Amino acid sequence: MKELQELAARLLTDGSAGVVIGYEEGPRGVRPAFVTRPDDVGRLIFDPRCVHNLATYLSPRRTHLKGLGRPAVVVKGCDARAVAGLLRESQLAREDVLLIAVRCGGVMRHPERHVDLRAETVADRCTSCDVREPHLFDFVVGEAPAAPPVTDRREARIRELEAGSPADRWAFWQEELSRCVRCHACRQACPMCFCERCVADKTQPQWVESSAHPRGVLAFHLTRAMHQAGRCVDCGECERACPADIPLGLLNRKLAHVVAERFGHHPSDDPSVPAPIGSYAQQDGQEFIL
Amino acid sequence: MARIGVFVCHCGENIGRTVDCARVADALREHPGVAHSVDYKYMCSDPGQALIKQAIAEKRLDGVVVAACSPHMHEKTFRRACAGADLNPFLCEMANVREHCSWIHEDRARATDKAIDLARTIVEKVKHNRPLQTIRIPVTRRALVIGGGIAGIQAALDIADGGAEVVLVEKEPSIGGHMSQLSETFPTLDCSQCILTPRMVEVYQHPRIKLMAYSEVDAVSGYIGNFTVKIRQKARAVDASTCNGCGACTKACIQRKIPSEFDERLGPRSAIYVPFPQAVPNTPVIDRANCAYFKAKAKGATKAACGKCAEACSRGAIDFDQQDSFVTEKVGAIVVATGFQLYRIGADQPQGLTGYGEYGYGTVPDVIDGLQFERLASASGPTGGKILRPSDGREPKRIVFLQCVGSRDPAKGMAYCSKICCMYVAKHTMLYRHKVHDGQATVFYMDIRAAGKGYDEFTRRAIEEDGARYVRGRVARLYRDGDVIKVHGFDTLSGEPLVLDADMVVLATAMRPQPGIEALAQKLSVSYDQHGFINEAHPKLRPVETNTAGVFVAGACQAPRDIPDSVAMASAAASKILGLFSQAELEREPTVARVDTGLCSGCFHCERVCPYGAVERREIRDRKGNLLKVVAEVNPGVCQGCGTCQATCPSKSVELDGFTDQQIWAEINALAL
């Protein structure tokens, strides 16, 4: 913690960063912090309750942060993957951001409810994450952590759904998506949803119905899942942001499996690894071509 | 309200047999926005087109739908007719009620209903069509020819004689290609070098041809009329501007036993060498892998290990420090004429094939391939034109020729016919008999393919006048037995196995494209087949064009070709290019992609998926010059309108003019009406 605070103070003092984006204690738990003065670095914390993906603030569409100067962002492994995604898709130039990587041994699923990190409380994504220390960084802080607790919760759920019939899956998603009110919080929280104008907001013509009618809800979530295929960094922000507790992570995770199987692609914090949407390989499957 | 005219074509019986065209016209007349609807026997005929023009004028139509054949067939015809009646041609669309309807259905009533639906979808689309203007792009009147074989030479000369400049790039030290290696050519038996070398010299001396031998195309960018080509000039280690081609260096070279590529490894050459005496340009090149100086240097020697060539050179032209250099050329059109290689069994088995080990090629010295026989028969060859066995230098009295080695064999080789082997084997038997009067040539063949002017007469002559013995059948195995080669074959006409003693065996191995053709094709964005042959744009109607506008193909890199074919293709490509260069500006269809720069987020997925490299980056700045964002922009000169970017764009910020979201949406909705 002290190491992080001292680093933040140094960066703000010598002017290499205009704002340090990290985490602080808020009235209702941990929240993102925007520290612009060296005197305030004492607010910065990092512990397993720091679930937020702060790379979301690096999207060029977040223009209100632009006036604060060059950001130095605290990133965990999953967040570094998001930064790599933004670099890969030309949303960010590497020199425009400083990355303070934190060594991370997993975060909690519901930080407001839990006190310690156990198999029951660990976030789904952390179990399948082997990045204790991000590879994309300018500074690394923190002590080497233990590996996160292991849980098979999410994968078991996917296997269970896969085992069911298409009708079962249809019933499951109809039920889950019936709660969607189209608030689009999943989209707003997602670091990889950075479009100037989301296709779901297109009106001429309107491919995706905008009301919370099941037609539009299904079209929206399927479109979003397809747009995330091979791009999703598995940070869990969509699911965390959803006020209706729709298990969106299952959709994204399933597509990640498909992409891994089809194209051998895994989300990476190396921006030079091309996303499957824009790359070809000789061994890409072609059996769909008649 | 739209005023759209619908014109339903019977296509003689083609559509009318299955679709009630009058009912289609009647139904469409009732469709909202349709001001005029008729049917006619042949809409593409003059009177049919006149109907359209007349209706545009009389009914003040603002859109035309022709329900007829595929737009591939007649879209241009009908758009031209509309333009003739002062209607923007891009307000005219076709509903395909032939290929998509009458040809594939039998039930007349249901086919008619479907035809009505198809016509309605296009009417709804046309309501959203916008007038488009033909794109005009400037043309650089300069051509690049890749490959200096006979096809490349012919193309370069024809283009240059037509008045345009040509850059001819050849990867070998000399132009001439495979034709320069041949002894005589079928079916006239005229000397290959005698007819080729004057053309090579002509290329060298032509004021409008820039010859770049020992060079390769490194990168290609741009589009028809405006290509930029980066060419790597490989270091010869000889300064071409001071060298006078005296040959003193090659005589002085201490490495003298390197197998000559030109002589198909049957004769030696030195490390500094000119491939053959008539080479153009006649400038030697140092083969760095075999040169004593460079070998020692590669091992880290600090002192020069050899320098005999430099000592022998009276003009100081040897430059051991010469490096590869790069030249950038602007051209308007490109001819690919990279030619072929022979399938060398064992040496380069393509795609994991392991066939023909039983023929002993590469292990039995007297089993040679067709090009090696050419060198033996050539007056400039390693034996001075005497047919002698590579193993002991004796004159072979019995030669067995095997046709279709690797060709027409999907199991062990290539499925295609290499086309030239029947003819050159017949030629070889004749050359052999002319040089060895008591020699016996035996040919194993599958069947004789001698289609061509004077070709069948030529093979008959080989059999009837020059005593070649043709055996229909395959050879199962060859092996060396003391001094002779035992040939185990099967005569399928008599139905009997056959064992022959041969002094030499010549394999007519398959023609394959040059190695590295795939990489070149990828640089040029042209497609190639599973064997690596460059695909033509249309097998019948556009045989020398490729699917990339401005890139043409000539000779054996497209498919196995003989010399007359290659020359004809080269001249055809040249005439296409001269036609292209005759215009000051090129006209292009305006159905190209357009980026809404306001909506573009600059993720550049479109740039990554564009097969034509048409997507560029544009910076958007405010009035003070601050960078606001970088967006994608489509170069309409390069864009071919394939729509991949439109499909890939996550925010649907790309539209393809003529196929906009709004138009497709209207088409889909029409089906629900």
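These protein sequence lines are chains A and B, in that order. With my numbering applied, the first sequence corresponds to residues 2 to 291, in that order. With my numbering applied, the second sequence corresponds to residues 4 to 676, in that order. By construction, the Cβ of each residue, glycine as well, lies at the ideal position given by its N, Cα and C atoms. Fair warning: this is a prediction, and the values are worked out from it, not measured in the lab.
Roughly how many angstroms separate the alpha carbons of B/E670 and B/F662, rounded to a whole number? Straight-line Cα distance between these residues: approximately 10 Å.
Take A/G231 and list the residues in its own chain whose beta-carbon comes closer than 6 Å to its own, dropping the five residues that flank it on each side. By the criterion of a C-beta distance shorter than 6 Å, A/G231 is surrounded in its chain by V260, H266, A276, P277 and I278, once the five residues flanking it on both sides are discounted.
Let me make sure I understand the geometry here. Which of B/D324, B/R464, B/A479 and B/M417 has the alpha-carbon closest to that of B/L405? B/A479
Flag this pair as yes or no: are the beta carbons of B/K56 and B/R6 separated by less than 8 Å? Remark: C-beta atoms of B/K56 and B/R6 do not approach each other more closely than 8 Å.
Determine, using beta carbons only, whether B/F584 comes closer than 8 Å to chain A. no
When DSSP builds the beta bridges, which residues end up paired with B/M507? B/I402
Should the segment 64 to 76 of chain A be called in touch with the segment 12 to 20 of chain A, which here means at least 3 C-beta pairs below 8 Å? yes
Beta-carbon neighbours of A/V200, restricted to chain B and to distances below 8 Å: P653, S654 and K655
Under 8 Å between C-beta atoms of A/F47 and A/V75: yes
Residues of its chain near A/F138, where Cβ-Cβ distance is below 6 Å and the 5 sequence neighbours each way are ignored: Here the set comprises L100 and A102.
State buried or exposed for A/I54, treating a residue as buried only when at least 16 other CB atoms are found within 10 Å of its CB. Residue 54 of chain A is actually Asn in this sequence, not Ile. Buried.
Between B/I153 and B/L199, what straight-line distance do the alpha-carbon atoms span, to the nearest angstrom? 8 Å
Is any beta-carbon of chain B found at less than 8 Å from that of A/K203? yes
If the criterion is Cβ atoms closer than 8 Å, does the pair B/G553 and B/A596 meet it? no
Strictly under 8 Å for the Cβ-Cβ distance: is B/F607 near chain A by that measure? Taking Cβ atoms only, chain A reaches closer than 8 Å to B/F607, which makes this a yes.
Under 7 Å Cβ-Cβ, which residues of chain A neighbour B/K174? Residues of chain A with a Cβ closer than 7 Å to the Cβ of B/K174 do not exist, since the nearest Cβ in that chain sits about 24 Å away.
Per DSSP, what are the beta-bridge partners of B/N229 in this structure? Per DSSP, B/Y226.
Contacts of A/F195 in chain B (Cβ-Cβ under 7 Å): The contacting residues are S604.
Along the beta strand (DSSP E) that carries B/Y43, what are the first and last residues, could you check? V37 to Y43
Neighbouring residues, chain A, relative to B/V288 (Cβ below 8 Å): Here the premise fails: no neighbours, minimum Cβ distance about 34 Å.
Using a 10 Å radius around the Cβ and a threshold of 16 neighbouring Cβ atoms, would you call B/T512 buried or exposed? buried
Proximity of B/H431 and B/V370 at Cβ, strictly below 8 Å: no
What residue does the alpha helix (DSSP H) around B/H491 start on, and which one ends it? B/H491 -> not in any alpha helix (DSSP H); beta strand (DSSP E) instead, spanning V487 to D494.
Mapping DSSP to helix, strand and coil, what is B/T600? coil
DSSP state of B/C194 mapped onto helix, strand, coil: strand
Relative to chain A, which residues along the segment 115 to 145 of chain B have a C-beta separation below 9 Å, given in chain order? Result list empty, no residue passes.
Identity of the residue in B/D221, B/A238, B/Y217 and B/K400 nearest B/T231 by Cα: B/D221
Closest Cβ-Cβ distance between A/E96 and chain B: below 8 Å? Not one chain B Cβ lies under 8 Å of A/E96.
Please name the residue or residues paired with B/L64 in a DSSP beta bridge. Note: B/L64 sits in no beta bridge, so no partner.
Identify the contact partners of A/Q92 in chain B, using a Cβ-Cβ distance below 8 Å as the criterion. S604, G605 and C606
Let me see if you follow: with CB-CB separation under 8 Å, is B/Q196 close to chain A or not? no
Do three or more CB pairs link the segment 151 to 165 of chain B to the segment 389 to 402 of chain B at distances below 8 Å? no
What span of residues does the alpha helix (DSSP H) with B/N672 cover, start to end? D664 to L674
Length-filtered (4 minimum) alpha helix (DSSP H) runs lying within the segment 129 to 165 of chain A: 154 to 164
Please tell me whether B/D42 and B/A58 are closer than 8 Å, where the distance is taken between their beta carbons. No, these two residues do not count as a Cβ contact at 8 Å.
Among residues of its own chain, excluding the 5 on either side of A/A56, which ones have a beta-carbon nearer than 6 Å to its beta-carbon? D80, A83, V84 and P192
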